[in-house]
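Chains as they are written, first to last, in the numbering used here: chain H, -8 to 345; chain P, 8 to 628. We put the beta carbon where it would ideally sit given N, CA and C, even for glycine. Below is one structure, written out as structure tokens; comments come after it.
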Amino acid sequence: MSREKQQAYQARVFCQAIVQVSLLLGVWLFGPAAGLLVAQTDLPVGNALQEAIDFGQARMVKVIGAGAGRVEGYGTGMIVSPDGLILTSQGVFLDGQQTRVILADGSTHEATVLRRDREVQLALLKIEQATPEYFELSSQPVGEQGDWVVALNNAFKVADKQEPVSVMLGVIALRTAMEARLNERDVAYRGNLVLIDAITSNPGAAGGAVLTLDKRLVGVVGKIINSSETNTRLNYAVPVETVAAFVAGKSKEQEAAVTPTVVRGDLGIRIMELGGRKDPAYIDRVTRGGPAEQAGLKADDLIVSVGGEKIGTVRDYLQVAERLEAGQEVIIVVKRGLELLRLPVIPVEKKESP
Amino acid sequence: MNTELRPCCRRLLMCCGICLLLQILSFSGTAQEISPEDWNRVKAAESQRLDAIRLVEGSVVAIYDFGRQGGGSGVVIDASGIAVTNHHVIMGAGVKGMAGLADGQLYEWDLIGTDPGGDVAIIQLKGKSEFPRSRLADSETVRVGDWALAMGNPFVLTEDQSPTVTLGIVSGVKRFQEGAGQNQLVYGNCIQVDSSINPGNSGGPLFNLSGRVIGINGRGSFLDRGRVNVGLGYAISSNQIKNFLPDLLATKLVEHGTLDANFSDQGGRVVCSTINETSAVAEAGLELGDELLEFESETIESANQFMNLICTLPVGWPATLKVRKSDDSIREITVRLLGLPYAKPGKPPTPKENPKPEERQQLELQQAMYDLLAAEPGAIRLPEVNRHYAKHYLGRMQGWYKAKLGQQTRNLGLTIEDRVLRQGEEVGRCISRLDPTGAVRVEYRPGDGPVEEYLFDGQRFAIRRDGQWKEMTATEAKLSPLLLQAMAMASIQTAEPFARFGEVSLDGGDKALGRPAIRFKSLDPDEDWFYFWINLYDQNSNEAESLVQISADKDCDGKGRGVTFNDWQPHSGWLVAAQRVVVQGLAKQPEMQLQIESATPLTDPSSDWANINALIQEGQR
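In structure tokens, the structure reads:
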């Protein structure tokens, strides 16, 4: 290689490096924002939003039940099977003599309550009516932080009879877990939730649908969770995978036992557990020859995210690790010293401890 | 130098390798690559939004009372400073106050007209001859999912008078929100948005991304958590505002319309369930049990839908219903809506003893507000202001004609030859001569009968029957539609349209050519009147202040009949309505149609053909 060529090559490599580093940092630092921009391009120009709304409206129902005092006697629901299964939120309005379901065409049907679950705050109803248009329930999480979503719900019973329910626009703000907290009003809901920035925490909205712009169900609008101290509310959805498990009739334990197709994955990481509630997720040890070691993870790395989900605490990590599937590659971002590393890891089959 | 570079270069190479690897991995992971097209779409969407805001920002009004205690919002819709706001905003402020615009200046405003039923009020900003203004959109085209920009002054935040902007989407259309008190603050057929609407946004505009006003923000679902945005805001549709604008400009306290009959859903049909037997609609043939098929040309599928529609119409609106009677016959009924009464306001505020000067002023304004609400609805409260708006809108009409004519100048007269049709069959010809002075001469040649001729020389009227010219009174002339159609087209192109029939005032709102219209009234010293109607918008919702109807009778009834004007076209410096129809009654049954065949310049001056004295003498000789 001549000297001139070499110099030119060096210069080119240097430039590329700068571009690559800045791109990389861009992706790391502005990852969610970039994702948002990608999604946002669909909105004003395409018909994606309109199509998602039309798709959703055809599958939404209004549920009318019994009111009691200041508790509203109505809710929102959605069709989840071709033979009239209706999903709605668990609530007092289902306690009356009669529960009616109004379909998008305005027709009213008597519903029987098949199942109610306090933990996930969902209820399953059945009407004797063919419902060819329904939501598919994914057993895997749908939608990522920053994705646009539309929330369809009948807050304040604004829509009557065949009138279409209200539509709100927002983005997925966060996937997180609902922790029971002391000194707060008791919240029945336990489990993961998808926080959104559309305002859905209103009377009658629970049971509404949260959809991505490509018409996939992200989750079901959850019941009002109100802080009695600050009068603020959480706008959130019960994630679709939780909903799917509920509709399939599986409790959490059952689900773990009867999912032959999904083999739980193991990363070969032991996490540093000190017992505190907000301990950061440092790696204590990596199993020799395990997936983590092969991917280049080391002891003392701080886990920042797993599969796009932010890891703030040990508890976050354990929850995400619980859902990993063997053979499904997952990107783990760790902080080592001052560097952020983004490493793909393929979990191996988890050996259940006896 | 090279030796220094080399290790650095190696490190860079390594770094680059890792980076490349990670880059590929990262893109195969969650984030997608943003293509140049996507970036351009993002930028285009963003600049559209910014452009829309820049375009309309100047027209958004922060409304205060004189003490600048409370606040609301509004939007200027006419460059002369006419602004729309909510009734409940001016209820708090009184009949006068201050308004802030994005230019940072404060302007005084006066209340012009108000509609407590639909929560709309019109105020006039003062202190400048030309204000930035926005245009009203056709709210029927608004779809769920459309972007909606709300602008206004929530929580009275602004210090420099520039508005707050909140962006969201249309969450629902054709919503109904119950009112308060007796027939007050009902939101029918309104637009629901998730754009943040907070206290102080009231009266402010809701824009689409083209910068047109689709609604006036007035309320939210606040019942649950106190007065903060909960994601459900409601805007009065721009089309409802168009329906009420003429009555409000006429300086009225406007009532909403009712048929004095109600409908309910019965087994998929919408059926008349209650009716006042003495109401106009009952007299026109509506009975209990009749099925409502259409209301105002809209197919009716539910009682709610009917309720929604009628909530957007003012008293006096000529509403058309199509009903199926018990014997399965279909019938069309057109009646003017009756007024839904408001409860009289409670006691006016009792003045404190020795109030401070600024308190005294506010008390006076509130007293004036009380007087306004206690006044007879539908009455013209401020005749002088009313005449001012009559002139203003006639001026706008002439401006529209000028724009439509473009470069064409008018210095000669015009001869128009029309085919005259009855029920589609040609029955004769009509030749109208128009002079720039306003003089006209009309010759009607029926296929089977003697020729009729009419003349207006600018002051006097004459008719020729049996070969003999005779003078006519203005009252007689007002009953001759063929003369009137020519006179109207000549008159609106003179400096003072219809001045011959007396002083022009703004009589109120009405419907003409199926669209909201201003009804003007000319009243001569003998208390004899004449009406003409101007649409403010064409069928595409573009501003087009054109003459659409004339009649000696408000309802085009009796001998008077009326003439409608459609499809204005330029001809040799004149604007001519290519379609003129002589109509009868509220339902505007077509009686006779004039279709333009030709229009040619007329070189003879009117002194040659419109000399009434000479013509009468000639006949007597």
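**Asked** At what residues does the beta strand (DSSP E) containing A144 (chain P) begin and finish?
**Response** A144 (chain P) -> no beta strand (DSSP E), and no H or E assigned at all.
**Prompt:** Taking a cut of 9 Å between CB atoms, which residues from the segment 220 to 241 of chain H lie near chain P?
**Reply:** The segment 220 to 241 of chain H vs chain P, Cβ under 9 Å: N222, R224 and N226.
**Prompt:** Which ranges would you report for the alpha helix (DSSP H) in the segment 32 to 117 of chain P if only whole runs of at least 4 residues count?
**Reply:** Listed in chain order, the alpha helix (DSSP H) runs fully inside the segment 32 to 117 of chain P are 43 to 64 and 94 to 100, counting runs of at least 4 residues.
**Request:** Could you pull the start and end residues of the alpha helix (DSSP H) that N269 (chain P) belongs to?
**Result:** Per DSSP, N269 (chain P) belongs to no alpha helix (DSSP H); it is in the beta strand (DSSP E), A268 to Q273.
**Request:** Mind checking which residues open and close the alpha helix (DSSP H) that includes P282 (chain H)?
**Result:** DSSP places P282 (chain H) inside the alpha helix (DSSP H), whose first and last residues are P282 to A286.
**Asked** R182 (chain P) touches chain H at which residues, Cβ-Cβ below 7 Å?
**Response** Chain-ordered, the chain H residues with CB closer than 7 Å to the CB of R182 (chain P) read V149.
**Prompt:** What residue does the alpha helix (DSSP H) around V632 (chain P) start on, and which one ends it?
**Reply:** What the structure shows of chain P is the stretch from 8 to 628, and residue 632 (chain P) is not part of that stretch, so it cannot be assessed.
**Asked** From L160 (chain H) to N193 (chain H), what does the alpha carbon distance come to, in whole angstroms?
**Response** Roughly 15 Å between the two C-alpha positions.
**Asked** What does DSSP give as the partner residues of G182 (chain H) in its beta bridges?
**Response** Bridge partners of G182 (chain H): H:M169.
**Request:** Name the two residues that bound the continuous beta strand (DSSP E) containing L491 (chain P).
**Result:** Counting along the chain, L491 (chain P) falls outside any beta strand (DSSP E), though it belongs to the alpha helix (DSSP H) covering P488 to S498.
**Message:** So the candidates are P:T148, P:V220 and P:D126; which of them puts its Cα closest to the Cα of Y194 (chain P)?
**Reply:** Here the closest residue by C-alpha is P:D126.
**Message:** What does DSSP give as the partner residue(s) for N144 (chain H) in the beta ladder?
**Reply:** Answer is H:S157.
**Request:** Pick out whichever of P:D145, P:E64, P:D72 and P:V96 has its Cα sitting closest to the Cα of G111 (chain P).
**Result:** Cα-wise, what sits closest to G111 (chain P) is P:E64.
**Asked** Taking all protein chains shown into account, do 16 or more other C-beta atoms lie within 10 angstroms of the C-beta of K214 (chain H), making it buried, or fewer, making it exposed?
**Response** K214 (chain H) should be labelled buried.
**Item:** Cβ separation of D297 (chain P) and V330 (chain P), assumed to be a contact under 8 Å, to the nearest whole Å
**Value:** Confirmed, about 4 Å.
**Asked** Among all the DSSP beta bridges, which residues are the ones paired with C279 (chain P)?
**Response** Answer is P:F270, bridged to C279 (chain P).
**Message:** At a CB distance below 8 Å, what residues from the segment 192 to 204 of chain P approach chain H? Give them in sequence order.
**Reply:** For the segment 192 to 204 of chain P, the set of residues with a beta-carbon nearer than 8 Å to any beta-carbon of chain H comprises Q199 and D201, in chain order.
**Item:** Segment contact flag, the segment 288 to 301 of chain H with the segment 321 to 332 of chain H, C-beta cutoff 8 Å, min 3 pairs
**Value:** By the C-beta criterion, the segment 288 to 301 of chain H is judged to be in contact with the segment 321 to 332 of chain H, since at least 3 inter-stretch pairs fall below 8 Å.
**Prompt:** With distances taken between CB atoms, is the gap from G592 (chain P) to T341 (chain P) smaller than 9 Å?
**Reply:** Yes, the Cβ-Cβ distance between G592 (chain P) and T341 (chain P) is below 9 Å.
**Request:** Enumerate in chain order the residues of its own chain whose CB-to-CB distance from V104 (chain H) is below 7 Å, with the five nearest sequence positions on each side excluded.
**Result:** Same-chain partners within the cutoff: L85, T90, A114 and L116.
**Request:** Determine which residues of the segment 307 to 336 of chain P have a Cβ less than 8 Å from any Cβ of chain H, and write them out in chain order.
**Result:** Along the segment 307 to 336 of chain P, going in chain order, the ones with a CB nearer than 8 Å to a CB of chain H are E308, S309 and N311.
**Cα-Cα separation between G292 (chain P) and L300 (chain P), rounded to whole angstroms** = G292 (chain P) and L300 (chain P): Cα-Cα distance of roughly 15 Å.
**Request:** Would you check if the segment 540 to 554 of chain P and the segment 368 to 382 of chain P touch, i.e. whether three or more CB-CB distances between them fall below 8 Å?
**Result:** Contact between the segment 368 to 382 of chain P and the segment 540 to 554 of chain P is absent, because fewer than three Cβ pairs lie under 8 Å.
**Pair within 9 Å by beta-carbon distance, L258 (chain H) and L202 (chain H)** = Contact: no.
**Asked** So, is A239 (chain H) buried or exposed, given that buried needs 16 or more other C-beta atoms within 10 angstroms?
**Response** Exposed: under 16 other Cβ atoms inside 10 Å.
**Request:** Go to S209 (chain P), then tell me how far its alpha helix (DSSP H) extends in each direction, as first and last residue.
**Result:** Annotation: S209 (chain P) is outside any alpha helix (DSSP H) and is labelled neither H nor E by DSSP.
**Message:** What does DSSP give as the partner residue(s) for F214 (chain P) in the beta ladder?
**Reply:** Beta-bridge pairing links F214 (chain P) to P:L156 and P:V220.
**Under 8 Å by beta carbon: chain P residues contacting A189 (chain H)** = The contacting residues are D201 and G238.
**Asked** Which residue from P:V277, P:T165, P:L108 and P:A495 puts its Cα closest to that of V82 (chain P)?
**Response** Checked all of P:V277, P:T165, P:L108 and P:A495; the closest Cα to V82 (chain P) is P:L108.
**Request:** Return the bridge partner residues of P453 (chain P) from the DSSP annotation.
**Result:** Bridge partners of P453 (chain P): P:G435.
**Request:** Compare the C-beta of G97 (chain H) with all C-beta atoms of chain P and state if any pair is closer than 9 Å.
**Result:** Output row for G97 (chain H): interface = yes.
**Prompt:** Contact between the segment 171 to 185 of chain P and the segment 193 to 213 of chain P: three or more CB pairs below 8 Å?
**Reply:** Yes: the two stretches touch, three or more of their Cβ pairs being nearer than 8 Å.
**Request:** Please confirm if P155 (chain H) has its CB atom under 9 Å from at least one CB of chain P.
**Result:** Taking 9 Å as the threshold, the shortest C-beta distance from P155 (chain H) to chain P falls below it.
**Item:** Of the listed residues P:K485, P:I387 and P:D153, nearest to L40 (chain H) (C-alpha basis)
**Value:** When the alpha-carbon of L40 (chain H) is set against those of P:K485, P:I387 and P:D153, the nearest one is in P:D153.
**Prompt:** Does the segment 540 to 549 of chain P come close enough to the segment 268 to 281 of chain P that 3 or more CB-CB pairs lie under 8 Å?
**Reply:** As far as the Cβ criterion goes, the segment 268 to 281 of chain P does not touch the segment 540 to 549 of chain P, which means the pair count is below three.
**Prompt:** Are the C-beta atoms of S87 (chain P) and some chain H residue less than 9 Å apart?
**Reply:** Answer no: the Cβ-Cβ gap between S87 (chain P) and chain H never drops below 9 Å.
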